[in-house]
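Residue numbers (the working numbering): 297 to 1262. Backbone N, C-alpha and C fix where the C-beta goes; we use that ideal spot for every residue, glycine too. Written out below as structure tokens is the structure these notes cover.
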Amino acid sequence: MEKGLPPPAPFVQRRRAKANSLLRVLSVLSLVAVGAYVSLFTVHLRGNTSLSSIPINANEIQQKCRNLNVVPGPPSDFYSRSKSDRFEHGTKSVLIKNATIWTGEKVIESGDVLLDKGIIKAIGSVDESQYGFVDKINAHGAWLSPGIVDLHSHLGVGSSPSLKGASDTNSRKGITQPWLRSLDGLNTHDDAYRLSIAGGVTTAVVLPGSANSIGGQAFVIKLRPTNEKSPSSMLLEPPFSFNGSGIEPFDPPRWRQLKQACGENPSRVYSQTRMDNIWSFRKAYSTAQSIKQSQDDFCSSALSNSWSSIGGSSATFPESLEWEALVDVLRGRVKIQNHCYEAVDLDGIIRLTNEFKFKIAAFHHAHETYLVPDLLKKMYGGEPPAVALFATNGRYKREAYRGSEFAPKVLAENGLNVVMKSDHPVLNSRYLLHEAQQAHYFGLEEELALKSVTVTPAKVMGMDHRVGYVKEGYDADLVLWDSHPLSLGATPKQVFIDGIPQLKSPHFISSKPAKVQTPPNTPNWDREAKEAVEWDGNQPLGPRERFDTGAGKDVVMFVNVESMYAKIQGRILRVFGEEETLGKGVVLVRDGEAVCKSVSGRECLQMSERLEQEAEGKVKIKVVDLEGGSLSPGLVSYGSALGLTHIASESSTNDGPAPDPLSANPPAILGDTVIRAVDGLVFESRNALFAYRSGVTSAITPPSSSGFLSGLSTVFSTGSSHALEQGAVLKPDAALHVGISMGAEKSVATQVGALRRVLLGDAKGEAQEGELGAVIKQVLDGTLPLVISVDSADIMASLIHLKEEVEGTLGPGRKIKVVFDRAAEAHLVAEEIGQAGIGVVLSPVRPFPSSWEQRRILPGPPLSSETTITHLLKHNITVALGASDTWVARNLRFDASWASLDSSGLVSDAQALELVSANLERLLGVQPGEEGENTDWVATRGGSLLDLEAKVVGVVSSRRGVVDLF
297 MEKGLPPPAP FVQRRRAKAN SLLRVLSVLS LVAVGAYVSL FTVHLRGNTS
347 LSSIPINANE IQQKCRNLNV VPGPPSDFYS RSKSDRFEHG TKSVLIKNAT
397 IWTGEKVIES GDVLLDKGII KAIGSVDESQ YGFVDKINAH GAWLSPGIVD
447 LHSHLGVGSS PSLKGASDTN SRKGITQPWL RSLDGLNTHD DAYRLSIAGG
497 VTTAVVLPGS ANSIGGQAFV IKLRPTNEKS PSSMLLEPPF SFNGSGIEPF
547 DPPRWRQLKQ ACGENPSRVY SQTRMDNIWS FRKAYSTAQS IKQSQDDFCS
597 SALSNSWSSI GGSSATFPES LEWEALVDVL RGRVKIQNHC YEAVDLDGII
647 RLTNEFKFKI AAFHHAHETY LVPDLLKKMY GGEPPAVALF ATNGRYKREA
697 YRGSEFAPKV LAENGLNVVM KSDHPVLNSR YLLHEAQQAH YFGLEEELAL
747 KSVTVTPAKV MGMDHRVGYV KEGYDADLVL WDSHPLSLGA TPKQVFIDGI
797 PQLKSPHFIS SKPAKVQTPP NTPNWDREAK EAVEWDGNQP LGPRERFDTG
847 AGKDVVMFVN VESMYAKIQG RILRVFGEEE TLGKGVVLVR DGEAVCKSVS
897 GRECLQMSER LEQEAEGKVK IKVVDLEGGS LSPGLVSYGS ALGLTHIASE
947 SSTNDGPAPD PLSANPPAIL GDTVIRAVDG LVFESRNALF AYRSGVTSAI
997 TPPSSSGFLS GLSTVFSTGS SHALEQGAVL KPDAALHVGI SMGAEKSVAT
1047 QVGALRRVLL GDAKGEAQEG ELGAVIKQVL DGTLPLVISV DSADIMASLI
1097 HLKEEVEGTL GPGRKIKVVF DRAAEAHLVA EEIGQAGIGV VLSPVRPFPS
1147 SWEQRRILPG PPLSSETTIT HLLKHNITVA LGASDTWVAR NLRFDASWAS
1197 LDSSGLVSDA QALELVSANL ERLLGVQPGE EGENTDWVAT RGGSLLDLEA
1247 KVVGVVSSRR GVVDLF
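Structure follows, in structure tokens:
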């Protein structure tokens, strides 16, 4: 403004300001245009390319080309982040004080951990004064670990309860489909999220199924519910953004996950062979290889500014939305999780990696990997894949037949990384930690067992920069346990995901024994593991020594016996070992009976000397040192097809299903025949022998059936070689079995009505004829138990009414013996079950909402104060535990122990043994031995049958007249 002149009007000032702004914008645009022209002119001179032949997005294309082979990983400034990308606004800081911290690398005694904005901010002795709104938790020395990481899960895509509209695991649209994504089927309403969190699981890889050679892309999720409540908000470091329909990668790139499968599953689904399976891989990867080569050739020209050779201004980066995931595999940017069991399939995939030059992150299931560790080391690049395993789940199909509980131990000793996984819902991932506990029990070193569900899976999925450890800068995913994580029954007191406590008002057991606060001192299995490898997983499972203890024959003396339990008149009692001051005892066995048991041992030693003298040295005395072990009654398996099958999915190896009389076309030739399981018994199945070596000396097995009337169960010895041996078949017919379910072909009302007709027909003088009539007469006389497989509390209520109706028709004092089997919702009508005098066999032991009629479970700690077992016992119900599958039978001893640990002292050790022996026999109509005495004993070394530290070393059987030593 010139001096002395009046200021311009306001509108003039505004007009001048706008004009000046416009001039500045035009100047900048001119400079940009000139710069761009100069830049393009320079490119033109250097590349000898006309300006018209250069694509308008040339810089973008060149940048994409430069990033093609960048290895995924976190940004360089990742650990300088002040808050997590998953931080929920309003989350309070948390200070955990006085914890015993296992960091993933070491143990910190009595340390503190500060969680703030979703990140671990400090570890050790923490001063929280600089942080506001801090919730303090005094751990009182409890164990604190990283959150459990599940490398193989179908959470959300194989949802629970299982419903037709909520299953998105497998596609049947093609053998190789790398373009599919598990995220697109991720159900946020799966009941299992909450349950798995209650087991300490914080992170999981959600995989497509194994029906295809390439089933699709997997995604890593955190399990906690988010404020957004969407599947996308559960993702942990998705490999690309979702702003458009294409692929918008991050810089630097993030790891991708891909599911592949070989062997039986894709071959069975697509009616193909292993040759077809491997060819489908080669064809798919050949396609991806061609695309990759075209990209590399394109980028070579683009980066040298030879635009005319690749289309000039129309140059377009060559890519395929269908195959881009496999191209990324070939660029080393994908973690492949490969379902693969047998050596033949493992070899095919290893050859494939070398042909197309890519790596496998982990082989899953991988039952034969422990037999071929050197093969795995031949993978492209020389770094072998990790191996993701079950602990004891095996032999369910042919390619799983040679699996071994010693596989984790053997693989680790050969330098391979071991991961324990759930394959949820195949195994309930709430108890994934139990897989690590079992792996440790069978020889996997303590630290490696802990890492197998934390550190190692985090590394395998490419997330070990933020999960799997307790370290500063890592995600605040932690579990505070009520006991050492490798102790049986370890249960979270609190679970943190992204620094947010996940358990509201958690229930935990405060009365657990002191021994569970330290890692178990597990047995030595070196000999057994070596034999498993030498025999290719098919090692003999019979006894190493067998002593015939019949009249006047061999005598076995067990020394250093810490405790002894006996079955007397249908109950389990501890007969010595109650007082630690009494020392170690001696038990002398002859004629299959404990003829002497002495705390001091003097009486039994004198008896053994007398027996030798009487037999003039002809009696052989075998001394077995139990090293503080125990003698317990033999356990009883019930509920699975144990004794009717070798390999469940191979029809040629098992008895097969019984026909359903309510089906449309039951075989006419059967007439009124009742199917008897004893007629289909098979002996020396590997699952039966594994059970025998684990203390399960007999099994009660009904005919295999999912229908209404199964038939009669039988009782047999798991250690016998065939049905004609002494003591092989203990009771031909034990109980009559019926199944009533909402998922059956006929309505529930039809099924209950059919049962009413069968039972009341005789009571009203309209008896069934022939074989079925004779069986029903035994049921109505109260001499044959009626076992009803049922889960729904509503159906149980109808059955309780039916029992009352039948007994009312029979007349005063007449009672029928009814047992509910499975019984997921039994706690809802516990009082009525108790009043009706009905027994309950729970299977599975730890409930899970697999189906709609199982959804109202009583989950137990930390989600409820009671378990189904304790709730039923409080209503004076006779409770027993069943085995839901043949491979589960070997774990009954641990199931019983776990039930006791979760009972807040309600279930003693003796009562825990009753749950898997005497109670089953009482409910299922199996009479005790003569005068109520025990008929089988199980000898354990290093502890009792309920201890994770003890090893079964022998079985004493008076029924069979032998002592078997392992």
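Problem set entry | For S783, three-class secondary structure by DSSP | coil
Problem set entry | Test item: CB-CB of G505 and G511 under 9 Å | yes
Exercise. For A1031 versus S1009, is the C-beta distance shorter than 9 Å?
Worked result: yes
For this session: Pick out whichever of V1222, K693, L723 and K360 has its Cα sitting closest to the Cα of L599.
Result: Ranking the options by Cα distance to L599, first place goes to K360.
Exercise. Thinking C-beta only, is I444 closer than 9 Å to S576?
Worked result: no
Exercise. Where in the segment 805-886 do unbroken runs of the beta strand (DSSP E), each at least 3 residues long, occur, reported from the N-terminal end onward?
Worked result: 841-844, 851-864, 867-872 and 881-886
Problem set entry | Three-state secondary structure (DSSP) of F1190 | helix
For this session: Using three-state DSSP, classify D641 as helix, strand or coil.
Result: helix
For this session: Measuring alpha carbon to alpha carbon, tell me which of H448, K432 and S463 ends up nearest S1147.
Result: S463
Exercise. Using the beta-carbon count (16 or more within 10 Å), is L617 buried or exposed?
Worked result: exposed
Problem set entry | Cβ neighbour criterion (16 or more within 10 Å) applied to L1020 | By the beta-carbon neighbour count (other beta carbons within 10 angstroms, threshold 16), L1020 is exposed.
Problem set entry | Residues near E1100 in its chain [Cβ-Cβ closer than 8 Å; skip 5 each side] | Taken in chain order, the residues that qualify are A1132.
For this session: With DSSP collapsed to three states, give me the class of S994.
Result: Looking at S994 - three-state DSSP - the assignment turns out to be strand.
Problem set entry | Where D381 falls, given that 16 or more other Cβ within 10 Å makes a residue buried | exposed
Exercise. Taking the C-alpha atoms as reference points, what is the distance between R490 and I1153?
Worked result: 13 Å
For this session: Report buried or exposed for A964, applying the criterion of at least 16 other Cβ atoms within 10 angstroms of its Cβ.
Result: exposed
Problem set entry | Collapsed DSSP secondary structure at Y676 in the structure displayed | coil
Problem set entry | Per-residue DSSP class, three states only, for S609 | It is helical.
Exercise. Does the distance from the C-beta atom of R627 to that of K588 stay below 9 Å?
Worked result: yes
Problem set entry | H1097 - DSSP class collapsed to helix/strand/coil | Secondary structure of H1097 (DSSP, three-state): helix.
Exercise. What does DSSP give as the partner residues of G407 in its beta bridges?
Worked result: A395
Exercise. Which residue spans inside the segment 1098-1129 form an unbroken alpha helix (DSSP H) run of at least 4?
Worked result: none
Exercise. If we count the other Cβ atoms within 10 Å of its Cβ and call it buried at 16 or more, is L1242 buried or exposed?
Worked result: buried
For this session: Under 7 Å Cβ to Cβ from N689, same chain only, skipping five residues before and after it: list those, please.
Result: L723 and W1183.
Exercise. Quick one: any contact between the segment 814-823 and the segment 426-442, if contact means 3 or more CB pairs under 8 Å?
Worked result: no
Problem set entry | Buried or exposed (CB count within 10 angstroms, at least 16 for buried), L1082 | Of the residues assessed, L1082 falls on the buried side of the cut-off, its CB having 16 or more other CB atoms within 10 angstroms.
Exercise. In this structure, does DSSP put T583 in helix, strand or coil?
Worked result: helix
Exercise. If you check the beta carbons only, do F738 and P704 fall under 9 Å apart?
Worked result: yes
For this session: Drop a sphere of 10 angstroms on the beta-carbon of V1251, count the other beta-carbons inside from all chains shown, and report buried for 16 or more, exposed for fewer.
Result: buried
For this session: Below 8 Å on the Cβ atoms is my guess for F546 versus L531; work out the distance and round it to an integer in Å.
Result: With a Cβ gap of about 12 Å, F546 and L531 do not count as contacting.
Problem set entry | Backbone secondary structure at E401 - three-state DSSP | The answer is coil: DSSP assigns E401 none of H, G, I, E or B.
For this session: Spatial neighbours of P370 within its chain, please: CB distance less than 7 Å, with the 5 preceding and 5 following residues excluded, ordered by chain position.
Result: Within the same chain, H761 come within 7 Å of P370 by CB-CB distance, once the 5 residues on both sides are set aside.
Problem set entry | Inter-residue spacing [alpha-carbon to alpha-carbon] between I796 and D487 | 20 Å
Exercise. What residues match up with Q553 in a beta bridge as DSSP calls it?
Worked result: A514 and K631
Exercise. For K1247, which residues from the same chain have a beta carbon less than 7 Å from its beta carbon, with the 5 sequence-adjacent residues on both sides left out?
Worked result: For K1247, the CB contacts under 7 Å within the same chain, skipping 5 residues up- and downstream, are P819, T1236, R1237 and G1238 in chain order.
For this session: Report the rounded CA-to-CA distance for L1005 versus P957, giving the unit in angstroms.
Result: 7 Å
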